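Sequential numbering of the sequence shown, starting at 28, is according to my numbering. In this text, a Cβ means the ideal position worked out from N, Cα and C, and glycines have one as well. Since the structure is predicted, the reported quantities are computational estimates derived from the model, not experimental observations.
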Amino acid sequence: MTPVDVAVDDDDEVIEAPIEPTVTRASRRASRGAESPLAFKGLSLTPIPAPVPITPPDTPGKGIAVPAPDPFAPGLNPSLPPTPGEASDPFGSDTEHEAGATEDTVVALPPVDRGAQAWGFLVAATAIEAVIWGLPYSVGVFHEYWVSTLFGPEATSTLTLASTLQTGLLFFSGALLGPLFAAFPWYERQIQLAGLAVSTAGLIASAYATKPWHLLLTMGIMYPCSAATYLPCATNVFEWFVAKRGLATGIMYGGTGAGGTVYPFVVTALLHRFGYRATMLSIAVSYCILIAAGLFFTKRRVPLVKRVGAIKKRIRPKPDWAFIRTPAWWIGVTFMTVSSLGNFIPLLWTPSYASQVGIRTPSPAAFVAMMNGVSVIGNLASGSISDYVQPRYSVFAYSVVAAVACLGLWGFGTSASALTGFVILWGISGQCLCGFWARMISTIARDDPAVPQIAFSVFISLKGIGAFTSGPISTALLKINAFSGAAGAYGDTNFGVLIIFTAAMTLLGALPMLAFPTS
Numbered sequence: 028m029t030p031v032d033v034a035v036d037d038d039d040e041v042i043e044a045p046i047e048p049t050v051t052r053a054s055r056r057a058s059r060g061a062e063s064p065l066a067f068k069g070l071s072l073t074p075i076p077a078p079v080p081i082t083p084p085d086t087p088g089k090g091i092a093v094p095a096p097d098p099f100a101p102g103l104n105p106s107l108p109p110t111p112g113e114a115s116d117p118f119g120s121d122t123e124h125e126a127g128a129t130e131d132t133v134v135a136l137p138p139v140d141r142g143a144q145a146w147g148f149l150v151a152a153t154a155i156e157a158v159i160w161g162l163p164y165s166v167g168v169f170h171e172y173w174v175s176t177l178f179g180p181e182a183t184s185t186l187t188l189a190s191t192l193q194t195g196l197l198f199f200s201g202a203l204l205g206p207l208f209a210a211f212p213w214y215e216r217q218i219q220l221a222g223l224a225v226s227t228a229g230l231i232a233s234a235y236a237t238k239p240w241h242l243l244l245t246m247g248i249m250y251p252c253s254a255a256t257y258l259p260c261a262t263n264v265f266e267w268f269v270a271k272r273g274l275a276t277g278i279m280y281g282g283t284g285a286g287g288t289v290y291p292f293v294v295t296a297l298l299h300r301f302g303y304r305a306t307m308l309s310i311a312v313s314y315c316i317l318i319a320a321g322l323f324f325t326k327r328r329v330p331l332v333k334r335v336g337a338i339k340k341r342i343r344p345k346p347d348w349a350f351i352r353t354p355a356w357w358i359g360v361t362f363m364t365v366s367s368l369g370n371f372i373p374l375l376w377t378p379s380y381a382s383q384v385g386i387r388t389p390s391p392a393a394f395v396a397m398m399n400g401v402s403v404i405g406n407l408a409s410g411s412i413s414d415y416v417q418p419r420y421s422v423f424a425y426s427v428v429a430a431v432a433c434l435g436l437w438g439f440g441t442s443a444s445a446l447t448g449f450v451i452l453w454g455i456s457g458q459c460l461c462g463f464w465a466r467m468i469s470t471i472a473r474d475d476p477a478v479p480q481i482a483f484s485v486f487i488s489l490k491g492i493g494a495f496t497s498g499p500i501s502t503a504l505l506k507i508n509a510f511s512g513a514a515g516a517y518g519d520t521n522f523g524v525l526i527i528f529t530a531a532m533t534l535l536g537a538l539p540m541l542a543f544p545t546s
């Protein structure tokens, strides 16, 4: 740095005058070499920044020339406290460093629990959930058309596998995708778009299926890649909502019920009017457009990475896997595993039961639509309750209501009114236990913002156990007629053992939740 002589004039202004250095023969040769037009500049170093004056605290008004900080030198990144009036949360405060920002540049992040961006994210995430999960929840409509019209009864086994594989892989893919997103968060959007591309291609290809195994490949394997598009939406909601996290996740999970209510009627109408190929192509186009539009609004609230030169560095640390040794984790895993064994049975078998006991109005399909429809309200209610009531109490209470509805209204419900009551009660209780996941995962994660993605992926994978096992388990239980002569469905039908199994799994799964830690 060139030395300077500092002086102060009568107006207290800093005057800097360069001091003439002593010129030597060596320095003269170096100077001529630097100014030579043939000099090679590729090896030149970055010039030292010009001096800037600062005011030390002990000499008010007197400036001292010091070199400016090197922008390429490593330094500490300052952090700002949360916005006053908002609780500090491990998933990000209201002021963070923007990705790629220098140490002198900070950006104010959108507020949590409020604002257009937070609610815009929630609306978009709910729409994505409705579109992605609505199709598997109406796969029964497709299955009936495949068997009765497209391929015939001889292909039933392959077509049934394609139907169950679709839902099962959507759930189980979380076991792979959760750790993948946690390890490579900066590629989140690319993975989402890849999932959208593969699932859209699967829908388009299914329109041209000429053999049953084509549907096994397209609808059963390719479409579940949409889980890669959905999973970040379900976990990034933890950044946007803190005090209202249960309400937000309840609204989002309600999208599944909304999709499951609307899709069957839309698909049935399209099949009857335009045929199979036109139906699948129109669904594929609308699916791609709606998901792509939703992804535009489902951005992260807190930047994940920053760049220092060409190197990407994490703003957040890697997840602390110590959470898998906590009681909260193992209680949650036990609850999900056991309760999922019976969770899908009412949705799967209520239409068949209605037909067996002679209920014609409402139609069997209407019971499924009714169950999915009331689950929208049920998820909203369970999510809101979780913001105020500890999971150990709320989950157990909901499970008791669901089990009593099974044993009472379904077990003795041989009339349309009794079965309708069961469908409504189960739809707002047993089918809405996922509304409590956010509070449970927050307790498990404690102060680690990287854990929710992993915990959610494990929870949804465990729920996939029910999707895979409900078919074979229930089929085996329906062959047992242990209550011949008993009242209601227990004696008049072969559903008695199945009904008791559903209630038992629901209640047994909730018992460990009484020991779930409070948060």
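Cβ pair residue i, residue j closer than 8 Å
| i | j | result |
| --- | --- | --- |
| P418 | M540 | yes |
| T256 | I318 | yes |
| D519 | T441 | yes |
| V289 | G201 | no |
| S409 | G462 | yes |
| S456 | V428 | yes |
| R466 | G273 | yes |
| A530 | L434 | yes |
| G454 | V384 | no |
| S603 | L243 | Nothing can be reported for residue 603: it is not among the residues displayed for the chain, which extend from 28 to 546. |
| R327 | N263 | yes |
| A151 | F324 | yes |
| G277 | S411 | yes |
| V158 | T194 | no |
| M249 | E156 | no |
| F483 | A261 | yes |
CA-to-CA distance, residue j to residue i, given in whole angstroms
| i | j | result |
| --- | --- | --- |
| A443 | C459 | 23 Å |
| G222 | T153 | 18 Å |
| T502 | G536 | 22 Å |
| T487 | H170 | Thr is not the amino acid found at residue 487; the sequence shown has Ile there. The straight-line gap from Cα to Cα measures roughly 24 Å. |
| F394 | R352 | 42 Å |
| W437 | S313 | 38 Å |
| A182 | V478 | 43 Å |
| F449 | P346 | 42 Å |
| Q480 | I471 | 12 Å |
| T227 | Y235 | 13 Å |
| G102 | P137 | Confidence at G102 is low in this model, with a pLDDT of 41, below 50, so the placement of that residue should be treated as unreliable; the coordinate-derived value is given next. Going by the C-alpha atoms only, they are around 26 Å apart. |
| P111 | W464 | Residue confidence is low: P111 scores 38 on pLDDT, short of 50, so the model does not pin down where it sits. Its coordinate-derived value is still stated next. About 29 Å. |
| V269 | L489 | 25 Å |
| T191 | R216 | 28 Å |
| M532 | A135 | 48 Å |
| P117 | F265 | Note that P117 has pLDDT 46, beneath the 50 cutoff, so the model's placement of it is unreliable and the number below is only indicative. Going from the Cα of P117 to the Cα of F265 covers about 10 Å. |
| M397 | A349 | 42 Å |
| V174 | L186 | 7 Å |
| P544 | Y420 | 11 Å |
| T388 | I451 | 16 Å |
| F522 | G179 | 28 Å |
| L368 | S379 | 19 Å |
| L258 | I372 | 25 Å |
| N399 | G287 | 6 Å |
| I500 | F510 | 18 Å |
| G491 | H299 | 32 Å |
Where the alpha helix (DSSP H) through residue i begins and ends
| i | result |
| --- | --- |
| S409 | P391 to S413 |
| C459 | That residue, C459, is in no alpha helix (DSSP H); it is neither H nor E in DSSP. |
| L541 | Where L541 is concerned, there is no enclosing alpha helix (DSSP H), given that its DSSP letter is neither H nor E. |
| G284 | R272 to F301 |
| G222 | E215 to S233 |
| V478 | V478 to L504 |
| R419 | P418 to A432 |
| Y250 | Looking at the DSSP string, Y250 is not in any alpha helix (DSSP H), and its letter there is neither H nor E. |
| D519 | A516 to D519 |
| V269 | Note, V269: premise wrong, no alpha helix (DSSP H); not H, not E. |
| A189 | T183 to F199 |
| V365 | P354 to N370 |
| M532 | G523 to A537 |
| W348 | Neither: W348 is in no alpha helix (DSSP H) and is coded neither H nor E. |
* What residue ranges within the segment 136–181 form continuous alpha helix (DSSP H) runs of no fewer than 4 residues, ordered along the chain? -> 143–161 and 166–172
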